[in-house]
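In this text, residue positions in the sequence shown follow our numbering: the first is 87, and each later residue adds one.
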Amino acid sequence: MVGIIDEQGTRYATWTYDDQGRAISSEHANGAEKVSLAYNDDGSTTVTNEYGKQATYRFQVIQGIKRIVAIEGEPSPNCPSSNSTFTYDDQGLLTSKRDNNGNLTTYQYNARGLETSRTEAAGTPQARTVTTDWHPTLFLPVQVSEPGRITRYQYDAEGRKTGEAVTTN
87 MVGIIDEQGT
97 RYATWTYDDQ
107 GRAISSEHAN
117 GAEKVSLAYN
127 DDGSTTVTNE
137 YGKQATYRFQ
147 VIQGIKRIVA
157 IEGEPSPNCP
167 SSNSTFTYDD
177 QGLLTSKRDN
187 NGNLTTYQYN
197 ARGLETSRTE
207 AAGTPQARTV
217 TTDWHPTLFL
227 PVQVSEPGRI
237 TRYQYDAEGR
247 KTGEAVTTN
């Protein structure tokens, strides 16, 4: 797709591509909200937003899927910094994320690849852990425990929620 034209014949959006079929720009009418992408020799991609702020996305291929491992970008008057990092296990599941403020979130999963634990602000006094117990055959949570609150869910054999109970402490 290279564009969208509204019912009055006015171009609403435009996309352009390089000779490899990769998107290199996206914009609305008259160049509004233009975003440009540059594919770098090292495999990273640099994105320039409508304000001219650049962020570089770095990737790692895990299990044949390209995963973001870092976003690097300096702050500008209109945009905060974009410095974040991500780590994954051998299956490609996210194991940690550090945001542009330095906050670390860690993740654990069960054998089915479902998140069983997430710790926000890991390694700090403000650390907060949320654990999830999953239905043995359905991809549905049966209990979510977080500081001061436990939520339990019940389902019928078809996976429709039949009940929910919240307890606080």
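Even for Gly, the Cβ is constructed at its ideal location relative to N, Cα and C.
For clarity, every value in this text was computed on a predicted model and none was experimentally measured.
Where residue i sits in the DSSP three-state scheme
{"i": "Gly257", "result": "Residue 257 is absent from the model: the chain starts at 87 and stops at 255."}
{"i": "Ala115", "result": "helix"}
{"i": "Val155", "result": "strand"}
{"i": "Arg108", "result": "coil"}
{"i": "Lys139", "result": "coil"}
{"i": "Gln240", "result": "strand"}
{"i": "Phe225", "result": "coil"}
{"i": "Gly129", "result": "coil"}
{"i": "Ala99", "result": "strand"}
{"i": "Val88", "result": "coil"}
For residue i, the nearest candidate out of the options (CA to CA)
{"i": "Ile110", "options": "Thr100, Ala124 and Glu119", "result": "Ala124"}
{"i": "Asn135", "options": "Leu226, Asp127, Tyr193 and His114", "result": "His114"}
{"i": "Phe172", "options": "Pro166, Trp220 and Thr181", "result": "Thr181"}
{"i": "Gln229", "options": "Glu201, Ala99, Gln212 and Glu244", "result": "Glu201"}
{"i": "Cys165", "options": "Ala141, Asp176, Gln177 and Gly188", "result": "Ala141"}
{"i": "Gln194", "options": "Val121, Glu119, Asp176 and Asp128", "result": "Asp176"}
{"i": "Ala208", "options": "Asn189, Gly95 and Lys139", "result": "Asn189"}
Contact belief for residue i with residue j at Cβ below 8 Å, rounded distance in angstroms
{"i": "Thr52", "j": "Thr215", "result": "In the structure as shown, the chain starts at 87 and stops at 255, and residue 52 therefore has no counterpart that could be examined."}
{"i": "Ser162", "j": "Tyr137", "result": "6 Å"}
{"i": "Gly129", "j": "Arg153", "result": "Not quite, the Cβ-Cβ distance comes to about 12 Å (not below 8 Å), so this is no contact."}
{"i": "Trp220", "j": "Asn196", "result": "7 Å"}
Counted within 10 angstroms of its Cβ, other Cβ atoms place residue i as buried (16 or more) or exposed
{"i": "Gly199", "result": "exposed"}
{"i": "Ile157", "result": "buried"}
{"i": "Gly159", "result": "buried"}
Inter-residue spacing [alpha-carbon to alpha-carbon] between residue i and residue j
{"i": "Arg235", "j": "Gly249", "result": "17 Å"}
{"i": "Gly107", "j": "Val133", "result": "17 Å"}
{"i": "Arg97", "j": "Gly117", "result": "11 Å"}
{"i": "Tyr174", "j": "Gln146", "result": "9 Å"}
{"i": "Glu232", "j": "Thr253", "result": "11 Å"}
{"i": "Phe225", "j": "Glu93", "result": "42 Å"}
{"i": "Ile168", "j": "Asp242", "result": "In the sequence as displayed, the identity of residue 168 is Ser instead of Ile. Those two C-alpha atoms are separated by around 44 Å."}
{"i": "Val88", "j": "Thr210", "result": "48 Å"}
{"i": "Asp105", "j": "Val155", "result": "26 Å"}
{"i": "Arg238", "j": "Ala251", "result": "5 Å"}
{"i": "Asp127", "j": "Ile90", "result": "31 Å"}
{"i": "Lys247", "j": "Pro227", "result": "10 Å"}
{"i": "Pro222", "j": "Gly245", "result": "12 Å"}
{"i": "Tyr103", "j": "Glu119", "result": "17 Å"}
{"i": "Trp101", "j": "Ser170", "result": "27 Å"}
{"i": "Thr131", "j": "Ser112", "result": "15 Å"}
{"i": "Gln240", "j": "Asn255", "result": "21 Å"}
{"i": "Gly95", "j": "Ser122", "result": "25 Å"}
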